[in-house]
Amino acid sequence: MQPSLITRLAGLLIVLCCLQAHPAPDIEYAHGTSYLEPLKYPPDFQHFEWANPDAPKGGLLRAPEMGTFDSFNGILDKGRVANGVTRSGLGALIYDSLLEPAIDETASYYGRLADGVWVADDYRQFAFRIREGAYWHDGEPLDADDVVYTFLTLKDKAAAGVRTALRELGSIEKISDNEVLFSTKPNARQNPDLIFQVGSFAILPEHYWADRDITKTTVEPPLGSGPYRISTFDLGRNITYERVENYWGQNLPVNRGRFNYDRIKYDYFRDESVMLEAHKGDVIDVRTETVSKNWVTAYDFPAVRAGHFKKELVDLSRPWGLWVPVMWNLDVARFQDIRVREALALMQDFRYTNRVLMYGFYNYAKSFFYNSKMESSGLPSAKELKLLEPWRGQIPDRVFTEVWKGNESDGFGFPRDKLKRALELFREAGWEIRDRVMQNVETGEPFTIDFIMVSPFALRQEIPFMSNLNMIGIETTARSPELSNWLYRMRNGKWEGGQLSFAPGYVPGIMLRNRLGTASADSLGGQNWNRIRNPAVDAMIDHIMAARTPEDFYAATHALDRILLWNFYYIPALGAPGYRLVYWDRFGQPDHELRLQRPIWRDAWWFDPARAQSVADGMAELTGK
0 MQPSLITRLA GLLIVLCCLQ AHPAPDIEYA HGTSYLEPLK YPPDFQHFEW
50 ANPDAPKGGL LRAPEMGTFD SFNGILDKGR VANGVTRSGL GALIYDSLLE
100 PAIDETASYY GRLADGVWVA DDYRQFAFRI REGAYWHDGE PLDADDVVYT
150 FLTLKDKAAA GVRTALRELG SIEKISDNEV LFSTKPNARQ NPDLIFQVGS
200 FAILPEHYWA DRDITKTTVE PPLGSGPYRI STFDLGRNIT YERVENYWGQ
250 NLPVNRGRFN YDRIKYDYFR DESVMLEAHK GDVIDVRTET VSKNWVTAYD
300 FPAVRAGHFK KELVDLSRPW GLWVPVMWNL DVARFQDIRV REALALMQDF
350 RYTNRVLMYG FYNYAKSFFY NSKMESSGLP SAKELKLLEP WRGQIPDRVF
400 TEVWKGNESD GFGFPRDKLK RALELFREAG WEIRDRVMQN VETGEPFTID
450 FIMVSPFALR QEIPFMSNLN MIGIETTARS PELSNWLYRM RNGKWEGGQL
500 SFAPGYVPGI MLRNRLGTAS ADSLGGQNWN RIRNPAVDAM IDHIMAARTP
550 EDFYAATHAL DRILLWNFYY IPALGAPGYR LVYWDRFGQP DHELRLQRPI
600 WRDAWWFDPA RAQSVADGMA ELTGK
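Its first residue numbered 0, the sequence shown is counted upward by one per residue in numbering that gives the first Met the number 0.
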């Protein structure tokens, strides 16, 4: 059916409006783009330094996943999507993205589907030139039409988090057969992260979805263009991918030396203990150890002692942020008083919890940007003070005068000085202990906290904290509901105390707006679940996103960090010292000394038959089989 005259005129009007808001740019393409820092790799680079271009292809990788899956549609909130068909990152095995991140740089991306990328100085427009010769697994060419289709679909029909990430995206224009121009909405604020978001999403085939409903979950293996395709699966239990022999992009500089396994199999588990035993029993090859107790106590068995099973703490360069910190629902009246929040923070003894429950594994994370140059330290610099000074009187005075040191202790017995100060703060805020119950002085209301924890493990780690609160007459309840119920309660403010990890990237602007911004606090699609509404926080986020030099950027992140810490919105605690990697020693690894943002066992290791045979022979000798 041909569009009506009115429809065509309306479309023309939209285009004209977009052109008025964003004049036609003079596009000069580059091989990559970076945020603030110069690109490390030149236009003629052959491969990433952390990948071995001569890595052999072959073999099987067996990896675990927690939970289950019931869908192969990775763009929706509905269902539980299988790893390998997700919408971005290493979970998009069957798809390609426009750009590929360089994990040995701070925030640099190089062309994958795109052989050219252009970004306007104000980040309000950017363009991609699609490589010639890219094609889908069915042989159909991948072109600009697929890119336009993907982002129109994501903006309109994808999960709420995706639509939120793309909400400032305006027009998406095919300007030639292999070029696409993106423009922000006319009233959108500057968002340097938007191009990296767009560049990271998997590109979807328009012709495949033309006669399918992309708004519904599916268990039909979808069409992709990437290095792998679905081979076999047992719904909810396991899924196996096979390497595409004629993958169009296998020799791209960003891919050379990667995607080396012939097959990748994910087995799904419902229990961490079962997963551990399956790994020790050689049902799976490589995994992350998520439980500190296991890391310390569970790996003294013959295969480890013989060197066939490896345990490594990998030093990563990514910002770790805060791992499952306690946070408060600021829509609950008693948590709106900063004195109450500080008093509660004084009652959590990180050193004790880490020693008794975490086997001393964790560091004390004293920054929202822990493990990065974005974290604050010492007193504010001159650049930071310039950003903070307009907010004097509206933010805590200690932002200017004190170094935030957290709640330090020796980890043995609750510090009496901390207890004394906490009780003083409660009294100042109108609460005192009467008949062993913390009560409001005016109303007699008891101080209670209902905690909603993200997992049983996370609940366990807060038991000492709740015990300390009980000691001063604060009654606590805690539960770890099923995940969907937890999400519903957190999103809708039906909680008092909760937990949510805070993990910023190197281009954190949109994440900060979503997690901390006032607008997000009142948006159903936002993740400002603890309802922070602070104009100084909003201003610092704007400074972060407006920064054009590393110096300005880090000054803004430091200033934001200080405001957040001294407002006691969260209680920082666990900081990971590294990535806990455990694996059977049957794989080759690239030889490098780089600190990377993520582990590379999924995409840059390779199956080594000689090592595998050595493991087999060694285990036969140990077991007598």
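We put the beta carbon where it would ideally sit given N, CA and C, even for glycine.
{"Item": "Inter-stretch contact at 8 Å, needing at least 3 Cβ pairs: the region 37–54 / the region 113–125", "Value": "no"}
{"Item": "For K624, three-class secondary structure by DSSP", "Value": "coil"}
{"Item": "M437 beta carbon less than 8 Å from that of I473", "Value": "yes"}
{"Item": "Presumed contact (8 Å Cβ cut-off) between L321 and R459, rounded CB distance", "Value": "At roughly 18 Å, the Cβ-Cβ gap does not stay under 8 Å, so L321 and R459 are not in contact."}
{"Item": "N177 burial status per 10 Å Cβ neighbour count (16 or more: buried)", "Value": "buried"}
{"Item": "Span of the alpha helix (DSSP H) around R561", "Value": "P549 to N566"}
{"Item": "For W208, the first and last residue of its enclosing alpha helix (DSSP H)", "Value": "E205 to W208"}
{"Item": "CB of D330 within 8 Å of CB of R530, strictly", "Value": "yes"}
{"Item": "S380 (DSSP reduced to helix, strand or coil)", "Value": "coil"}
{"Item": "M618 - DSSP class collapsed to helix/strand/coil", "Value": "helix"}
{"Item": "Buried versus exposed, by CB contacts within 10 Å (16 or more), P100", "Value": "buried"}
{"Item": "Same chain only: Cβ atoms within 8 Å of V282, ignoring 5 sequence neighbours per side", "Value": "R61 and D266"}
{"Item": "Cβ-based burial, G443 [other Cβ within 10 Å; buried from 16]", "Value": "exposed"}
{"Item": "Same chain only: Cβ atoms within 8 Å of V197, ignoring 5 sequence neighbours per side", "Value": "L97, F125, F150, L165, L168 and F181"}
{"Item": "Cβ distance (whole Å) where I213 is taken to contact T152 below 8 Å", "Value": "6 Å"}
{"Item": "Residues that DSSP places opposite T32 in a beta bridge", "Value": "Y108"}
{"Item": "For A305, three-class secondary structure by DSSP", "Value": "coil"}
{"Item": "Start-end ranges of the alpha helix (DSSP H) lying completely within the region 131–174, minimum 4 residues", "Value": "143–156 and 159–164"}
{"Item": "Close-in-space but distant-in-sequence residues of the same chain around L8 (CB under 6 Å, 5 per side omitted)", "Value": "Residue confidence for L8 is low, a pLDDT of 39 falling below 50, so the modelled location carries little weight and cannot support an answer."}
{"Item": "Paired residues, beta bridge with I432 - DSSP", "Value": "M437"}
{"Item": "Identified DSSP bridge partners for P100", "Value": "Y108"}
{"Item": "Cα-Cα separation, G73 to Y207", "Value": "15 Å"}
{"Item": "8 Å Cβ cutoff met for A106 and E36", "Value": "yes"}
{"Item": "Contact under 8 Å by Cβ, M65 with F268", "Value": "yes"}
{"Item": "Short Cβ contact (8 Å threshold) for M539 with L559", "Value": "yes"}
{"Item": "Cβ neighbour criterion (16 or more within 10 Å) applied to R123", "Value": "buried"}
{"Item": "Straight-line gap, L343 to N186 (C-alpha atoms, nearest Å)", "Value": "41 Å"}
{"Item": "Bridge partners - I531, DSSP secondary structure assignment", "Value": "In the DSSP output, where bridge partners are listed per residue, I531 has none listed."}
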